[in-house]
Amino acid sequence: MSFLDNYFKYVKSAFIDHKYLFIFTVVFAVICWVGGYFIADWMFVKQELVDEYAYLSQITYFSFDDMMDIIINNCFLNINYYLTSVFFGYGAIYDMMTNIGMSGIVSRGTELACGDPFLFLKLTCLHGFFEDLSTILNSFAGFILFSFIVRFIKDVFSPSKRLANGTITNSLEINKKYLYQSIAIFLLAFVVMIFAGFLEEYISIPFGNFIASVF
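Residue 1 is where the sequence shown starts when you use the UniProt record's numbering, and the numbers rise one by one after that.
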């Protein structure tokens, strides 16, 4: 079996084995966006929202350097949040609360500036979809990673799992599938984030302006 066959096998099995965890991740992402939108007025006064978070300027210079800055920054955050998910899923939760929650806050600020609560989503719909998808997938990978840690530790201290080849080695052998699933989803999120960076710099702004003008 080739590397790609193995890779997609683990991607597919991740969604099958952890389908409820994925549903939870998606639902939590929606809650973060809605929460960000509605708590914006509690966190900021109206003028602060308009001045700091109104997303009305849609200008791009089609710069390769800018694209690389976007991709490097976002991918670094993906790596950071994924790795810190070993601490009780902290990275995965914080990632969605800050990034997707901020989308809700900016949507509220943009609404106060122009009266359209969906203008921000229209303007960023192309790259925003893939960026949020990457965030959700990365958080999903982080939750699977934490699940692997829990299963690994549990089986290390489980007498029924102690075979002659050693407790830690045996526990890793039993649970490595979950680690591979986590890495596979993380890599998928990583690729999606790179694609989102390309869209943001070269395509998303004119496309978003068009969508906003039509709808």
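Ideal Cβ positions, reconstructed from N, Cα and C, are used throughout, including at glycine.
As the structure is a computational prediction, the values presented were derived from the model and not from experiment.
Report task. Can you say whether residue 43 is buried or exposed, counting buried as having 16 or more other CB atoms within 10 angstroms of its CB? Result -> exposed
Report task. Report buried or exposed for residue 5, applying the criterion of at least 16 other Cβ atoms within 10 angstroms of its Cβ. Result -> exposed
Query raised in the report: What span of residues does the alpha helix (DSSP H) with residue 2 cover, start to end?
Result: It is not in any alpha helix (DSSP H) - residue 2 carries neither H nor E in the DSSP assignment.
Requested in this report: For my contact list, residue 110 and residue 54 are in at a C-beta cut-off of 8 Å; report their separation, rounded to the angstrom.
Outcome: 5 Å
Query raised in the report: Cα-Cα, which of 173, 128, 63 and 34 is closest to residue 105?
Result: It is 34.
Requested in this report: Select from 64, 72, 142 and 113 the residue whose C-alpha is nearest the C-alpha of residue 46.
Outcome: 113
Requested in this report: Measure from the alpha carbon of residue 65 to the alpha carbon of each residue in 211, 197, 215 and 207, then state which is nearest.
Outcome: 197
Report task. Could you tell me which of 90, 149, 136 and 208 sits nearest to residue 188, measuring between CA atoms? Result -> 136
Requested in this report: May I ask you to report which of helix, strand or coil DSSP gives residue 163?
Outcome: Reliability fails at residue 163, whose pLDDT of 49 lies under 50, so the model's placement of it is uncertain and no value is given.
Report task. In angstroms with no decimal places, state the Cα-to-Cα distance between residue 24 and residue 141. Result -> Straight-line measurement puts the Cα of residue 141 at about 13 Å from the Cα of residue 24.
Query - Contact check, residue 115 vs residue 121, beta carbons under 8 Å - result: no
**Report entry** Reduced DSSP secondary structure (H/G/I, E/B, other) of residue 206
**Finding:** helix
Query - Close beta carbons around residue 50, own chain, < 7 Å, minus the five adjacent residues each side - result: 109, 112 and 113
Query raised in the report: Can you give the Cα-Cα distance for residue 150 and residue 12, rounded to whole angstroms?
Result: 22 Å
Report task. With DSSP as the reference, label residue 60 as helix, strand or coil. Result -> coil
Query raised in the report: Distance, Cα to Cα, residue 165 vs residue 158?
Result: No answer about residue 165 holds up, because its pLDDT of 49 lies below 50 and its placement is not dependable.
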